[in-house]
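Worksheet: the structure to be examined is printed underneath.
2 protein chains.
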Amino acid sequence: MTRSATTMRADILESAARLFATAGFRGTSLQDIASDVGCSKASLLYHFTNKDAILTELLSPVGRELAELEERLAGLDGDEAVRGAVAGLVELSLRFRREATILIHDLDAMTSRPEVPDMPDMKALTERLVDALTGRSGDPRARVWGWMVLVGVTLTSAADLAVPEETLRAELTRGALRALGRPIH
Amino acid sequence: MTRSATTMRADILESAARLFATAGFRGTSLQDIASDVGCSKASLLYHFTNKDAILTELLSPVGRELAELEERLAGLDGDEAVRGAVAGLVELSLRFRREATILIHDLDAMTSRPEVPDMPDMKALTERLVDALTGRSGDPRARVWGWMVLVGVTLTSAADLAVPEETLRAELTRGALRALGRPIH
DNA sequence: GTCAGAACTGTCCGATCGGTCAGCTAAGGT
DNA sequence: ACCTTAGCTGACCGATCGGACAGTTCTGAC
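In order, the protein sequence lines correspond to chains A and B.
Read left to right, the first sequence gives residues 176 to 360 (my numbering).
Read left to right, the second sequence gives residues 176 to 360 (my numbering).
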């Protein structure tokens, strides 16, 4: 049985995403992925140059969307920017639950990943988190980005639990705005 | 050069704690620890039955203190309980920065670790985090425990940065209380 | 039917992992 | 001085890791 290249790549990415999210990148071997897909380990390395390339391709949409969001927010300022950033990040976190889980999971392995286009520097992102929670930075946008990490952590667990998506979206938005000192008016 | 047993064990735990916090449990090999301590890999396994035992002994004080705090808070209720829990957890997070980092780092590897006395069930802890951020639970204490995880994440980064401890304590407490809807009066 | 190239695999490789074990060394009691 | 024992080590083990590569099977164009 020979699948088409595009189908096979999609299947590999799907399996890898699920396994990386549950056992971590380091905790998932190529054999694990191959068994899950139902092919040989060598086949994985036919479609992807190496294990890192699988992760890279898996995360690249996240980086792209984050860059787009940042661009979209560049025009706004003040209260509008904060509420727009919260809404956008909550939305992205919901759309990329698994990817957020993976990012949070092996933070150290992710800190420098220049081969992913537009991938945010996780080191910088966690520094923003510190700024957000300690109130060290006066820039409201820094605090919003910090909150994004928290949302990611939350979804790490929430993905397993039966929390309706609408509830998650509403409560995460409310919680974020309240933590930022900007309750919903 | 032969160190005393207690000194050697302390040195091993110190090196392991530092390495685990920066590279993760899985990302740190016995050889890494041995090189850092300045002894052979076999020597580690003379003082500890296996790699897991090192981590277990490293984390046991955290579990003990958490259990003590929970006991101390059992008598309180309402606003007193919330503020007591926040103060206690912030204090513990500051005292056990590295241990918190390790716990957050390899969450999946930590979820079931019954061999650590009084070690909190990390699975339950992350569920509390979800409750806290989604407002699903009405129990204020659940939301406090969830916040503890966030504080841990924060310190993961803050440990590297030059943030004065007093600033951290004050701002973390303030942020936690505000996120819990209980601003300092 | 033929054939080129894409899809796929079995097998092997060096490196590294956690862990075992027999034996060496130094210290302290007698 | 002798001997026991705690402390420590080099060498080795089986398992598993990511990856390389030659070779086999499938498929679509002609």
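Heads up, the beta-carbon is just placed ideally off N, CA and C, and yes, glycines get one too.
Item to check | Validate contact between the stretch 190-197 of chain B and the stretch 194-207 of chain A using beta carbons, cut 8 Å, 3 pairs | outcome: no
Checklist entry - For the putative contact between residue 264 of chain B and residue 232 of chain B, defined by C-beta atoms under 8 Å, what is the C-beta separation to the nearest angstrom? => result Actually they are not in contact, since the Cβ atoms of residue 264 of chain B and residue 232 of chain B sit about 23 Å apart, beyond 8 Å.
Next on the checklist: Using a Cβ-Cβ cutoff of less than 7 Å, which residues in the same chain neighbour residue 385 of chain B once the five nearest sequence positions on both sides are dropped?
Outcome noted: There is simply no residue 385 of chain B to check, as chain B begins at 176 and stops at 360 in what is shown.
Checklist entry - Rounded to the nearest angstrom, how far is the Cβ of residue 351 of chain A from that of residue 261 of chain A, given a contact under 8 Å? => result With a contact defined as Cβ atoms closer than 8 Å, residue 351 of chain A and residue 261 of chain A qualify at about 5 Å.
Item to check | CB contact flag (residue 226 of chain B, residue 205 of chain B, <7 Å) | outcome: yes
Checklist entry - Is residue 184 of chain A closer than 7 Å to residue 222 of chain A when the C-beta atoms are compared? => result yes
Checklist entry - So, residue 229 of chain A versus residue 191 of chain A, is the Cβ gap smaller than 7 Å? => result Contact flag set, yes.
Item to check | Counted within 10 angstroms of its Cβ, other Cβ atoms place residue 203 of chain A as buried (16 or more) or exposed | outcome: buried
Item to check | Inter-residue spacing [alpha-carbon to alpha-carbon] between residue 277 of chain A and residue 348 of chain A | outcome: 22 Å
Next on the checklist: Taking its Cβ as the centre, do 16 or more other Cβ atoms sit within 10 Å of residue 258 of chain A, making it buried, or is it exposed?
Outcome noted: buried
Checklist entry - Going by alpha carbons, who is nearest to residue 181 of chain A out of A/201, A/219, A/215, A/208? => result Taking each of A/201, A/219, A/215, A/208 in turn and checking the Cα distance to residue 181 of chain A, the smallest one comes out for A/219.
Item to check | Closest by C-alpha distance to residue 238 of chain B, when choosing among B/256, B/267, B/224, B/216 | outcome: B/267
Next on the checklist: Output needed for residue 253 of chain B: all residues of its chain with C-beta closer than 6 Å, excluding positions within five of it in sequence on either side, in chain order.
Outcome noted: none
Checklist entry - So, are the CB atoms of residue 272 of chain B and residue 201 of chain A less than 7 Å apart? => result no
Checklist entry - From residue 249 of chain B to residue 256 of chain B, what distance separates their C-alpha atoms? => result 8 Å
Next on the checklist: Rounding to the nearest angstrom, what Cα-Cα distance links residue 279 of chain B and residue 217 of chain B in this structure?
Outcome noted: 29 Å
Next on the checklist: I'd like the list of long-range same chain contacts for residue 240 of chain B, defined as Cβ closer than 7 Å, with 5 residues on each side in sequence excluded.
Outcome noted: Same-chain partners within the cutoff: 267.
Checklist entry - Between residue 207 of chain A and residue 242 of chain A, what straight-line distance do the alpha-carbon atoms span, to the nearest angstrom? => result 32 Å
Next on the checklist: Quick check on residue 263 of chain A: does DSSP put it in helix, strand or coil?
Outcome noted: helix
Next on the checklist: Measuring only the C-alpha atoms, how far is residue 209 of chain A from residue 215 of chain A?
Outcome noted: Our two residues, residue 209 of chain A and residue 215 of chain A, have alpha carbons roughly 5 Å apart in a direct line.
Item to check | Where residue 251 of chain B falls: helix, strand or coil (DSSP) | outcome: coil
Item to check | Straight-line Cα distance separating residue 235 of chain A from residue 235 of chain B | outcome: 39 Å
Item to check | Whole alpha helix (DSSP H) elements within the stretch 187-263 of chain B, 4-residue minimum | outcome: 205-212, 216-222, 226-249
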